[in-house]
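Student: Take this structure first; my questions come after.
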Amino acid sequence: MNTPVVDQIFDEIALLPDNERDILFQKIHHVFYRSNEDAIVAYTAMGEPLTQEQYKQRIANGITQCKSGQCTTLEQLSADLGYCYADL
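So that you can map any letter, position 1 of the sequence shown is 2 in our numbering, and since no number is skipped, the others follow by simple counting.
And the structure:
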């Protein structure tokens, strides 16, 4: 159900030349989807906010580090912290 204001906006958009209408819809699309790209989806252990793209990049970097052997196993972490791995 449209309100009179929404109907008026649709009528005005319909009167625009095609190229101007396309530009308007591109701008509207950018507003809706750009804001999602910039939304905070996670935080680092230090409390720094991460966007979706930053979060995915950090995951990809972590996977690359683990594949190259640059990671700490749970057993190593347990030993470093003085815990018995079997108790975890």
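Using N, Cα and C, we set each Cβ at its ideal position, and we do this for glycine too.
1. Need the endpoints of the beta strand (DSSP E) that residue 43 sits in, please.
2. Within this structure, are the beta carbons of residue 50 and residue 60 separated by less than 9 Å?
3. Would you list, in sequence order, the uninterrupted beta strand (DSSP E) runs of no fewer than 3 residues that lie entirely inside the stretch 41 to 84?
4. Need the endpoints of the alpha helix (DSSP H) that residue 15 sits in, please.
Tutor: Inspection of the coordinates gives the following:
1. 41 to 44
2. no
3. 41 to 44 and 50 to 52
4. 5 to 16
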